[in-house]
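Colleague: Note that the numbering used here numbers the sequence shown so that position 146 is 517, with each residue one more than the last.
Ideal placement from N, C-alpha and C gives every residue a C-beta, glycine not left out.
In this text the structure is predicted, and so the values were computed from the model without any measurement.
I'd like to ask you about the structure that follows.
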Amino acid sequence: MNENSNMFFMSATKVKVSDFSKEKNSPNREKTYDYIISKRGALSFIRMHFDTKLHGEYDTPRFFRDSSNEHLFLYCEYFCKFIGKNNMVVYEFALTSQLREFPFGFFKWCKTARATDEVVEGKITYSVENLFDANNFTSCFAMSNNGKGEKVVFDSSNDDMAHESSVLENGDVQVLVLISGFVDYNRPHLYKNNSRPKKIKFTLYNPHTKKTTTKVFDVKDTPQPQLLRFDQVLRGNVITMEIIDVYPGEKYDDVCISKLWERLMRSWELEEDGNILFGLE
């Protein structure tokens, strides 16, 4: 994320881009552009409109100059990601004035993650490790037979917060950020062709307190990020994920998840509404 850039969606067609590296009185410090959202299958793509005749080629914000102007667009009430043709994140932005960035945890948990099934096609393994990378959408995690009878286990019992209290402070929210299905810039049909989770069960076991809790989530059939909210801190637990039900794929019975990130959201981050995007659904 570029610390010197700021993006604010003003309406269904206008976005304001600020570049704080420019002088305060510079005409290039803050500009408003038009944008349009289009759909390919279930995926949303955003295209920005820059008046190069009026401002020249450098009217284009820096984070778009070296990539296609049309991006795969993932968004929720708290953040958005622009993904290029190479399925790498070009730009991301926190969509609330309380935050300048929206970082995720969970990355070191990939070292302990294990799945009882991973789809293998030739030399390609749709590994559980694909869940954690925040910037790479070149692949996903997939289980065969709609994940029936399969499990994914994440062991965070020995991480830095393992011995801290599992009780959330007043107003804090523990979330997992889920991006469901196979999300790919160049192959949007893969989202519907493969199955997506409809209901997911998480079992949390704390080896320090010997306590076990269970949480079941109904998942929307959308590639956009979804926040799964827990009433306790996840770190310090052995977490087991099971797919209970799916939205069936049109061609395959492989159930796919693109990303799963952890985030402990503080109460001050939630004090006001996020920069809600209008007219995108």
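May I ask whether a heavy atom of the ligand FAD can be found less than 8 angstroms away from the beta carbon of Met636?
Modeller: Here there are no bound small molecules, and the ligand FAD is not part of this structure.
Colleague: Within 10 Å of its beta-carbon, does Lys569 have 16 or more other beta-carbons around it, so buried, or fewer, so exposed?
Modeller: Reading the sequence shown from its first residue, position 198 is the one you call residue 569. That one is buried.
Colleague: With a cut-off of 8 angstroms, do at least 3 Cβ pairs link the segment 606-624 to the segment 492-511?
Modeller: no
Colleague: For Asn440, which residues in the same chain have their Cβ closer than 7 angstroms to its Cβ, ignoring the five residues on either side in sequence?
Modeller: Numbered from its first residue, the sequence shown carries residue 440 at position 69. Excluding sequence neighbours, Asn440 sits near Arg418, Met419.
Colleague: I'd like the list of long-range same chain contacts for Met636, defined as Cβ closer than 7 angstroms, with 5 residues on each side in sequence excluded.
Modeller: Along the sequence shown, read from residue 1 onward, the residue named residue 636 stands at position 265. So the list reads Asp543, Val544, Val546, once near-sequence residues are dropped.
Colleague: Given Glu489, which residues of its chain have a CB within under 8 angstroms of its CB, disregarding the five upstream and five downstream residues?
Modeller: Here residue 489 is taken as the residue at index 118 of the sequence shown, counted from 1. Here the set comprises Thr496, Tyr497, Ser498, Val499, Phe512, Ala513, Met514.
Colleague: Give me the residue from Pro594, Lys581, Arg600 with the minimum Cα distance to Gly607.
Modeller: Counting from 1 along the sequence shown, the entry for residue 607 is found at position 236. Nearest option by C-alpha distance: Lys581.
Colleague: Can you name the residues that DSSP bridges to Asn696?
Modeller: No information on residue 696 is available, as it lies outside the stretch 372 to 652 that the chain covers here.
Colleague: Quick check: what's the CA-CA separation for Thr611 versus Phe380?
Modeller: Within the sequence shown, residue 611 is the residue found at index 240, counting from 1. Within the sequence shown, residue 380 is the residue found at index 9, counting from 1. If I take the Cα positions, the gap works out to 37 angstroms.
Colleague: Using the rule of at least 16 other Cβ atoms within 10 Å of the residue's Cβ for burial, across every protein chain shown, is Asn501 buried or exposed?
Modeller: Translated into the one-based positions of the sequence shown, residue 501 becomes position 130. Asn501 should be labelled buried.
Colleague: By a C-beta neighbour count over all protein chains shown, 10 Å radius and 16 as the cutoff for buried, is Ser397 buried or exposed?
Modeller: On the sequence shown, residue 397 is found 26 positions in, with the first residue counted as 1. Under this definition Ser397 is an exposed residue.
Colleague: Helix, strand or coil for Leu502, going by three-state DSSP, please let me know.
Modeller: In the sequence shown, counting from the first residue as 1, residue 502 sits at position 131. Here Leu502 sits in helix by DSSP.
Colleague: Please name the residue or residues paired with Ser558 in a DSSP beta bridge.
Modeller: As a working note, residue 558 is residue 187 in the sequence shown. Ser is not the amino acid found at residue 558; the sequence shown has Arg there. The bridge partners DSSP lists for Arg558 come to none.
Colleague: Indicate the three-state DSSP secondary structure (helix, strand or coil) for Asn440 in the structure shown.
Modeller: What you label residue 440 is simply residue 69 of the sequence shown in a count that begins at 1. DSSP places Asn440 in coil when its eight states are reduced to three.
Colleague: Report yes if the C-beta distance between Ser595 and Tyr446 is below 9 angstroms; otherwise report no.
Modeller: Within the sequence shown, the letter at position 224 stands for residue 595. Within the sequence shown, the letter at position 75 stands for residue 446. Checking the sequence shown, residue 595 turns out to be Gln, not Ser. Contact: yes.
Colleague: Could you check what DSSP says for Lys519 in three-state terms: helix, strand or coil?
Modeller: The residue labelled residue 519 in the question sits at position 148 within the sequence shown. DSSP places Lys519 in coil when its eight states are reduced to three.
Colleague: So if DSSP puts Asn529 in a beta bridge, which residue, or which two residues, is it bridged to?
Modeller: On the sequence shown, position 158 is the one that residue 529 refers to. Note: Asn529 sits in no beta bridge, so no partner.
Colleague: Can you tell me whether DSSP reads Asn564 as helix, strand or coil?
Modeller: As a working note, residue 564 is residue 193 in the sequence shown. If DSSP states are grouped into helix, strand and coil, Asn564 belongs with the helices.
Colleague: What did DSSP end up calling Lys570 once you bin it into helix, strand or coil?
Modeller: By one-based count along the sequence shown, residue 570 stands at place 199. Residue state, collapsed to three classes: strand.
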